[in-house]
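Each protein sequence line maps, in turn, to chains C and A.
Taking the numbering used here, the leading residue of the first sequence gets -18, the next gets one more, and so forth.
Taking the numbering used here, the leading residue of the second sequence gets -18, the next gets one more, and so forth.
Glycine included, each C-beta is placed from N, C-alpha and C at the ideal position.
Every value quoted in this text rests on a predicted model; they were computed, and no experiment measured them.
In what follows, a structure is listed as structure tokens, so that the remarks can point back to it.
There are 2 protein chains.
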Amino acid sequence: MTALPNRDRRAERREDTRREILDAAWAVARQDGLENVTLRAVAERVGMRAPSLYSHFESKNAIYDAMFGQAWSEYLDQIEDLDASLPAAPRKALLFMLQTFVDFCTADLPRFQLMNLRVVTGFAPSPEAYAPSLRVMELFRRRAAALGAPNDEDVDLLAAAVGGLVDAQWSNDPGGTRYIRLLPRAIDALADDLGLPGPKLRRKR
Amino acid sequence: MTALPNRDRRAERREDTRREILDAAWAVARQDGLENVTLRAVAERVGMRAPSLYSHFESKNAIYDAMFGQAWSEYLDQIEDLDASLPAAPRKALLFMLQTFVDFCTADLPRFQLMNLRVVTGFAPSPEAYAPSLRVMELFRRRAAALGAPNDEDVDLLAAAVGGLVDAQWSNDPGGTRYIRLLPRAIDALADDLGLPGPKLRRKR
DNA sequence: GTCTATACACCGATAGAC
DNA sequence: GTCTATCGGTGTATAGAC
Chain C
-18 MTALPNRDRR AERREDTRRE ILDAAWAVAR QDGLENVTLR AVAERVGMRA PSLYSHFESK
42 NAIYDAMFGQ AWSEYLDQIE DLDASLPAAP RKALLFMLQT FVDFCTADLP RFQLMNLRVV
102 TGFAPSPEAY APSLRVMELF RRRAAALGAP NDEDVDLLAA AVGGLVDAQW SNDPGGTRYI
162 RLLPRAIDAL ADDLGLPGPK LRRKR
Chain A
-18 MTALPNRDRR AERREDTRRE ILDAAWAVAR QDGLENVTLR AVAERVGMRA PSLYSHFESK
42 NAIYDAMFGQ AWSEYLDQIE DLDASLPAAP RKALLFMLQT FVDFCTADLP RFQLMNLRVV
102 TGFAPSPEAY APSLRVMELF RRRAAALGAP NDEDVDLLAA AVGGLVDAQW SNDPGGTRYI
162 RLLPRAIDAL ADDLGLPGPK LRRKR
């Protein structure tokens, strides 16, 4: 009976290659647009021929799928250990949380398109890739409940409104702040409606 | 000196053909998805070969452009003569206006994607096609001002939030009402923030 | 297992005959 | 104005070298 190595070096290398391919895909997406990602362009960036990618991903949509999961996981990592640094005031805490999402989404257009819009037709995230986005939503619900907004509908409305602000920002004023600067006002309005304690984030006009 | 006919029959026929092509493009978009529209599929539907479309549109993006303008014009027509039938209560009037937009956007996914999202990369609407969407926004601002919301920022926030609701509806619960049913609550919250007179659309929890 | 070479069917677009 | 023929590109599939 031979001893098994305690690390599977082959699997590690495989995982490295997969990550390298995904990095290349992100780079191409940022340069040429999310749906202008081509297997040939990705392959060239990692020093391969296009068909070789099929040794690591079973299709182009599988690459999109992995990118989708990667993006949400990255955001999840960023907010997971944030409980300690949340402000005490409920509205400020809400703003802080949502602002991290807005910042994350406005920093990278193809990432936002992949995470929040259904830009790539024929692509629907697999349950596995969808999981981290559900965890984000769950975490958000838990924190909102702790702040005094226990209702799922409230969180849905807030999430949809924030997504709408980011989308409008990218669509109508890319690089500017015309829409996303309205986030504090949106939170105040909703918080008032929910009966969340003050103080208000913005002065009333 | 020969008399000119008072109608340019040739131009009329040309316009008819253009409209026929656009109708076919919408049909393909609804069947196969907005970005799976191919010139060959559109041409087949109108009984042509693909290259013949170039006699009527200078590129595929020009077809998208015309569709974009068509969609917004259609919505503009629908709401232009609505002043008379608006409810008297400000919040009800606001809800009525926004509900027409939500209904219009939830009725047809490719149309919504073309109007509100930037799904087709490399496509940006021409100034000419963009005009009717600006007229819709202008009309909306005018009516909101008449209802007591004269500030551009308020209208921006409301528009972005409504767009977010529709997008979340299509992305996470297509065919359902989970998000769009929150419209009255969203309006109440914003209206309270703006100091718009009641009565409220929804009972407070 | 990993990669290359090659092929296929499709895409948007153009040239030129009629 | 519509056609055929064709171009360079695409995603995808498979055979086979190593």
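Per-residue DSSP class, three states only, for residue i
i, result
"Pro32/C", "helix"
"Glu39/A", "coil"
"Ser152/C", "helix"
"Tyr56/A", "helix"
"Phe104/C", "coil"
"Thr81/A", "helix"
"Arg186/C", "For Arg186/C, the pLDDT reaches just 49, beneath the cut-off of 50, and the residue's location in the model is therefore unreliable, leaving the point undetermined."
"Asn97/C", "helix"
"Ala70/C", "coil"
"Asn17/C", "helix"
"Arg159/C", "coil"
"Ala88/A", "coil"
"Ala202/A", "Any question about residue 202/A goes unanswered here, given that chain A covers just -18 to 186."
"Val27/A", "coil"
"Leu3/A", "helix"
"Pro165/A", "helix"
"Leu146/C", "helix"
"Gly179/C", "coil"
Rounded separation between residue i and residue j - CA only
i, j, result
"Val117/C", "Leu164/C", "19 Å"
"Ala24/A", "Ala43/A", "15 Å"
"Lys181/A", "Arg72/A", "7 Å"
"Arg188/A", "Ile60/A", "In this structure chain A extends from -18 to 186, so residue 188/A is not present and cannot be described."
"Arg21/A", "Leu95/A", "20 Å"
"Pro32/C", "Arg26/C", "14 Å"
"Glu55/C", "Leu90/A", "29 Å"
"Ala52/C", "Ala70/C", "29 Å"
"Pro108/C", "Arg99/C", "16 Å"
"Glu(-7)/A", "Val9/A", "24 Å"
"Asp135/A", "Gly156/C", "21 Å"
"Phe85/A", "Arg(-10)/A", "34 Å"
"Leu64/A", "Pro(-14)/A", "Strictly speaking, residue 64/A in this sequence is Asp, with Leu absent from that position. Using only the alpha carbons, I get a separation of about 39 Å."
"Pro178/C", "Arg11/C", "42 Å"
"Ala140/C", "Lys41/C", "29 Å"
"Gly50/C", "Gly50/A", "35 Å"
Residue i versus the options, residue with shortest Cα-Cα distance
i, options, result
"His37/A", "Glu(-4)/A, Arg166/A, Asp89/A", "Glu(-4)/A"
"Asp13/A", "Pro113/C, Val83/C, Glu1/C, Phe104/C", "Phe104/C"
"Ala112/C", "Leu57/C, Phe93/C, Ala74/C, Pro131/C", "Leu57/C"
"Ser114/A", "Ala88/A, Val147/A, Phe93/A, Val101/A", "Phe93/A"
"Thr102/A", "Ala10/A, Pro155/A, Glu16/A", "Glu16/A"
"Ser191/C", "Arg30/C, Ser33/C, Thr158/C, Thr81/C", "Examination of residue 191/C is not possible in this model, given that chain C is present from -18 through 186 alone."
"Gly176/A", "Arg(-10)/A, Ala126/A, Pro32/A", "Ala126/A"
"Leu120/A", "Glu134/A, Asp62/A, Asp154/A", "Asp62/A"
"Asp154/A", "Pro155/C, Gly156/C, Asp137/C", "Asp137/C"
"Asp173/C", "Gly129/C, Gly50/C, Ser40/C, Asp64/C", "Gly129/C"
"Asn132/A", "Pro106/A, Leu171/A, Asn97/A", "Leu171/A"
"Pro106/A", "Ala140/C, Gly144/C, Ser152/C", "Ser152/C"
Cutoff 7 Å; reference residue i; Cβ partners in own chain excluding five residues on either side
i, result
"Ala142/C", "Ala167"
"Pro68/C", "Ala74, Phe77"
"Ala6/A", "Val18, Val23, Ile44, Met48"
"Thr87/C", "Val147, Gln150, Ile161"
"Arg186/C", "Reliability fails at Arg186/C, whose pLDDT of 49 lies under 50, so the model's placement of it is uncertain and no value is given."
"Leu34/C", "Ile2, Leu20, Val23, Ala24"
Own chain partners of residue i with C-beta closer than 8 Å, once the 5 adjacent residues on each side are dropped
i, result
"Ala47/A", "Arg(-1), Leu3, Phe38, Ala110"
"Leu146/A", "Val83, Tyr160, Ile161, Leu163, Leu164, Ala167"
"Thr158/C", "Gln150"
Close-in-space but distant-in-sequence residues of the same chain around residue i (CB under 6 Å, 5 per side omitted)
i, result
"Met78/A", "none"
"Arg30/C", "Ala24"
"Arg122/C", "Val136"
"Asp169/C", "Lys181, Leu182, Arg183"
"Gly144/A", "Asn97"
"Glu1/A", "Val27"
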